Amino acid sequence: MQQVTPTRHQKLERLLEVSRMLHQAVDIEPFLQMLANSACELTQSEAASVFLFEEETGLLKFVASPRSHSEAIKRIRVPLEYSIAGRAYTQERPIVINDASLEPLVYKPVDQMLHFETRSILAAPIRYGSNPLGVIETINKLGNAHYTEEDVTILETLAGYAAIALFNTALIEETINATNEIQDLEKKKSDFVAITSHELRTPLGLILGHATFLQELATDEQTRQQLEVIVRSANRLKDIIESLSNLDSETPDKRRIRRQALDINKLVSQVSHSFDGLAKQKGIKLQVDTAEQALLVKGDAEKIAIALGNLVDNAVAFTNPGGRVRVSTERLPGFVKVSVVDNGIGIPPGELQRIFDRFYQVESHYTRRHGGMGLGLSVAKVMIEMHGGQIWAESVEGRGSNFSFLLPLGTTKSLTLTR
Ligand code: ADP
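Start counting the sequence shown at 129; every next residue gets the next number (our numbering).
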C-alpha cells in the first residue's frame, strides 16, 4: 500500500488536535493509545508503544501498543538495563537507533514473542518535572528511512502530552480518594456525636431530675446553694450536648424543619427575656425592642429560638459589666431582620469571617475566660440557613458587635397563626 507522507503543516495540525484532547483525557488508557497511534502516523513508523514504570516490579510495562499485539504485549515487562526504552527512561533523553541489528540493547524477547523484527527505534522519556514516568517509542521508520530531528521533536512533544495527561489523572484520583476519605470521616464524626450525645443525655437527665427534686426538699440555705451549683452546671452540660447534636450536619437539611406560622416578635421577646437573670447577674442592661403587632414567618420556632439564644448568650458573655445588649426586629421588604447589638469587647477584623466556623473561637480555648465550644454561631448559621435565611456579623474591636439574621416573611394570606 502506498504510504502518504503528511506535510509539515498537517503534522502541526495533528499535534494541535492531540493537545486539544488533553482536557478530555480522564480515561488515561484510550488517550495513551491515541498518542501511540499519532506517534506512528506522524513519524511514519510501523508501530508505536507507550510504557509506564511499574513501582512493584521496577520494570517498564506496556500500556499502549499496536492494536494487533495489544493483548499479548500487555503481559510483557521490559527491563530498564537491557532495553532502548529503559535507556531513554534512565538517561532521561531521546534515543535514536537506526540499525537495530548493530545495537545489543534492543530487547529481543518482545520481537520473538510477537514474531516481529525491530529494525529501527526512536524512544523519548515521559517526564513530569523531574519525575520520570515512562517512555513513548516508535519502531521501524517506513521505507527503511532514518529517524530525523523532526521525528525526535514530534515524539518529545507527544511525550510531554502523555506526562500532563498522567499527572492530571493522578490528581483526579487523589482528589476522589481525598473526598471519599473526608466523607468517611464526616460520617464517623456524625455517628460519634450522635451516639455520644444520646448516651450522655440519659444520665444527665437523671442528675438534673434528682438534683432539682432535692433542691425543692432542701431545708437549709447552704444545701440549697450547693444543689443550685449542681443544677446550673448540669444545665450547662445539657446545652453543650444540645449544641453538639444540633451540629451533626454542615449542610442544612431543609426536610428536618417543622414549619409553622409563628410571630417572630413574640419569639424574640420570649427568648431575649429568658436571659434577663443572666444579664442582671453580670450588670448588663438587656433591652428588647419588638413591635406589639405580629410579624409572621413560617418556620421552626425551636430552631430559630436556638439560633437567637446563642446570639444573645454570646452578647451577654462578651460584654463587660455596665455594658448594654439590644435585641430588635425590623420589617424589610420580604424579610424580617433580627439584630443583637452589644457594646462589648468586639471582634478583630481578621476573625470576622471565621467565627461562624465550627469549633472556632477568637481566644484560645485554654486561655479564655468564657465557657463554650465554639459551636454556638455555627449552630445558629445552620438553623437560619435551613429556613432560607442569612446570618452575618459586623464588629469593631473594643467597641462592640452587631449580629443580624434575615428570615423570609410569610404573606399574611398564606399564614395563619397557630397558638
Ligand atoms: P462559643 O460558644 O465558644 O462562644 P460561638 O460559635 O458562639 O462559640 O462563637 C465563636 C466565637 O466568636 C466566640 O468564641 C467569640 O470569640 C466570638 N464571638 C461571638 N459572639 C461575640 C460577641 N457578641 N462579641 C465578641 N465576640 C463574639
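Note that beta-carbon positions come from the ideal geometry of N, C-alpha and C, so glycine has one too. None of the values given here were measured: they were computed from a predicted structure.
Burial state of residue i (16 or more Cβ within 10 Å)
| i | result |
| --- | --- |
| E145 | exposed |
| D470 | buried |
| A287 | buried |
| V524 | exposed |
| E430 | exposed |
| M241 | exposed |
| P476 | exposed |
| F320 | exposed |
| V357 | exposed |
| L81 | A query on residue 81 cannot be resolved here, the shown segment of the chain reaching from 129 to 547 and no further. |
| S402 | exposed |
| E378 | Residue placement at E378 is poorly supported in this model, since its pLDDT is 49, which falls under 50; the coordinates still yield a value, given next. With fewer than 16 Cβ atoms within 10 Å of its Cβ, E378 is classed as exposed. |
| V263 | buried |
| I323 | exposed |
| A200 | exposed |
| T246 | buried |
N- and C-terminal bounds of the beta strand (DSSP E) containing residue i
| i | result |
| --- | --- |
| I223 | 223-225 |
| D348 | Looking at the DSSP string, D348 is not in any beta strand (DSSP E), and its letter there is neither H nor E. |
| D521 | The sequence as given places Ala at residue 521; Asp does not occur at that position. Its beta strand (DSSP E) spans residues 518-524. |
| V416 | 413-417 |
| V425 | 424-427 |
| G528 | 528-536 |
Terminal residues of the alpha helix (DSSP H) in which residue i lies
| i | result |
| --- | --- |
| N167 | According to the sequence shown, residue 167 is Ala rather than Asn. Segment 156-171, the alpha helix (DSSP H) holding A167. |
| V396 | 392-401 |
| P207 | Note, P207: premise wrong, no alpha helix (DSSP H); not H, not E. |
| K189 | Unbroken run through K189 is the beta strand (DSSP E), 187-192; no alpha helix (DSSP H). |
| P237 | 236-242 |
| S147 | 136-148 |
| L406 | 404-410 |
| I212 | 212-219 |
Spatial neighbours of residue i in its chain, beta-carbon cut-off 6 Å, leaving aside the 5 residues before and after
| i | result |
| --- | --- |
| R527 | G474 |
| M511 | K431, I434, A435 |
| R486 | S506 |
| L534 | F463, K465, G517, Q518 |
Sequence-distant residues of its chain with Cβ nearer than 7 Å to residue i (five each side left out)
| i | result |
| --- | --- |
| G462 | P536, L537 |
| L233 | Y210, S211, I212, R215 |
| A433 | L395, V399 |
| R386 | D428 |
| G504 | S371, N438, D441, N442 |
| A626 | In this structure the chain extends from 129 to 547, so residue 626 is not present and cannot be described. |
| R329 | I369 |
| D239 | E245, T246 |
Residues near residue i in its chain [Cβ-Cβ closer than 8 Å; skip 5 each side]
| i | result |
| --- | --- |
| E420 | N393 |
| D417 | R454, V455, S456, T457 |
| E118 | In the structure as shown, the chain starts at 129 and stops at 547, and residue 118 therefore has no counterpart that could be examined. |
| I300 | V154 |
beta-carbon residue i near the ligand HEM non-hydrogen atom, thresh 8 Å
| i | result |
| --- | --- |
| Y488 | Summarising the ligand content, the structure contains the ligand ADP and does not contain the ligand HEM. |
Q) Can you list the beta strand (DSSP E) stretches of 3 or more residues lying completely in the region 247-302, in chain order? A) Runs of the beta strand (DSSP E) lying entirely within the region 247-302, each at least 3 residues long, are 249-256, 259-269 in chain order.
Q.
Using 8 Å as the cut-off, can you tell me whether the region 293-310 makes contact with the region 336-355, which would need three or more C-beta pairs spanning the two stretches below that distance?
A. Per the Cβ contact rule, the region 293-310 is not in contact with the region 336-355 (fewer than 3 Cβ pairs under 8 Å).
Q. Taking the runs of the alpha helix (DSSP H) that are 4 residues or longer, which of them lie wholly in the region 436-514?
A. With a minimum length of 4 residues, the continuous alpha helix (DSSP H) runs that stay inside the region 436-514 are 504-514.
Q.
Quick check: the region 223-233 against the region 182-190, are at least 3 beta-carbon pairs closer than 8 Å?
A. No: the two stretches stay apart, fewer than three of their Cβ pairs being nearer than 8 Å.
Q.
Three or more C-beta pairs under 8 Å: does that hold for the region 395-408 against the region 441-449?
A. Taking a cut-off of 8 Å on C-beta distances, the region 395-408 touches the region 441-449, as three or more cross pairs fall below it.
Q.
Could you check whether the region 254-268 touches the region 168-186, counting it as contact only if at least three pairs of C-beta atoms, one from each stretch, sit closer than 8 Å?
A. Yes, they touch.
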